[in-house]
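Enquirer:
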């Protein structure tokens, strides 16, 4: 990693790699320590010694944890994670802040909200649901469907990342340790939410998928999983104000695009 930074002299680093997923963190916590903590400090050290002008890194809506005040704002405290995955993402934000303070590395953290779309993780609900429905197998619906998610299409996520890359954070002159703002800092550090700003009930998400596939799902209703949140809802006011963009792809459009890609991909594989 050190050689990579030394040889190439990056002017931007966008760090999206991680061991992702709330549920797997219950099974293999060490994978999250190795990737999300050790891996991330390697990136920070590379940025430090390579004098990188801006690090943009992926955080997660899961950091909001036990928060129930909606919509979730970057200016709210996020000190009560409910999964190890969330704790590692919160730790990434804190580690980046420390490097911004100590080494004056401008750092921007992006809290992604339930990303979906082509080339997504196969353990995500949309992949699992689509595969099961097409096979005529039941889908697992946790919390008996009584959940809401701020589903965000991948193209909107990427647009947000690209726009933020050239928005190098500066210190906030109004920041005060007497009343600290978690979303900004006296150091060159900033946090943004990237979400659709429109929470959707899980059952509506499934119905939209059924409509796109022209098939009905067989549902197995299950209780809430440990580490899951009942709802997510992104306040994207800061993102809109600073970079002039906010996600807007509806789940109808996003799922339609996913199914088109999925059909082509499965035909290619088989």
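Residue numbers (my numbering): 3 to 272. For every residue, glycine included, the Cβ atom is placed at its ideal position computed from N, Cα and C.
Taking just the CA atoms, how far does residue 34 sit from residue 173?
Expert: Here residue 173 corresponds to residue number 171 of the chain shown, with the count starting at 1. Here residue 34 corresponds to residue number 32 of the chain shown, with the count starting at 1. Near 30 Å, if we compare the C-alpha coordinates of residue 34 and residue 173.
Enquirer: Using the Cα positions of residue 21 and residue 220, report the straight-line distance between them to the nearest angstrom.
Expert: Locating residue 21 in the chain shown gives position 19, counting from the first residue. Locating residue 220 in the chain shown gives position 218, counting from the first residue. One C-alpha to the other measures close to 30 Å.
Enquirer: Determine the DSSP secondary structure at residue 212, reduced to helix, strand or coil.
Expert: To locate residue 212, count along the chain shown from 1; it is residue 210. Correct three-state label for residue 212: helix.
Enquirer: Between which two residues does the alpha helix (DSSP H) harbouring residue 74 extend?
Expert: By 1-based counting over the chain shown, the position of residue 74 is 72. Taken as a continuous stretch (DSSP letters only), residue 74 belongs to no alpha helix (DSSP H), as it is neither H nor E.
Enquirer: Between 165, 95, 264, which has its C-alpha nearest residue 184's C-alpha?
Expert: Translated into positions along the chain shown, residue 184 becomes position 182. When only C-alpha atoms are compared, the closest one is 95.
Enquirer: Answer yes or no: do residue 87 and residue 24 have a C-beta to C-beta separation smaller than 8 Å?
Expert: The sequence position of residue 87 within the chain shown is 85, counting from 1. The sequence position of residue 24 within the chain shown is 22, counting from 1. The answer is yes: Cβ separation under 8 Å.
Enquirer: Inspect the CB distances between the stretch 208-228 and the stretch 174-183 and report whether three or more fall short of 8 Å.
Expert: no
Enquirer: Work out the CA separation of residue 91 and residue 154 for me, nearest whole Å.
Expert: Residue 154 sits at position 152 when you count from the first residue of the chain shown. Residue 91 sits at position 89 when you count from the first residue of the chain shown. Each residue's Cα considered, the two are about 19 Å apart.
Enquirer: State the DSSP-derived secondary structure class of residue 61, mapped to helix, strand or coil.
Expert: Here the question's residue 61 lines up with position 59 in the chain shown. In this structure, residue 61 counts as strand in the three-state DSSP scheme.
Enquirer: Find the nearest neighbour of residue 254 within the set 48, 200, 107, judged by alpha-carbon distance.
Expert: Within the chain shown, numbered from 1, the residue matching residue 254 stands at position 252. Checked all of 48, 200, 107; the closest Cα to residue 254 is 200.
Enquirer: Where DSSP assigns a beta bridge to residue 95, which residues make up the other side?
Expert: Here the question's residue 95 lines up with position 93 in the chain shown. Paired residue(s): none; residue 95 is not in a bridge.
Enquirer: Which residue spans inside the stretch 100-184 form an unbroken beta strand (DSSP E) run of at least 3?
Expert: 109-114, 140-143
Enquirer: To which residues does DSSP link residue 193 through a beta bridge?
Expert: Here residue 193 refers to the residue found at position 191 of the chain shown. 111.
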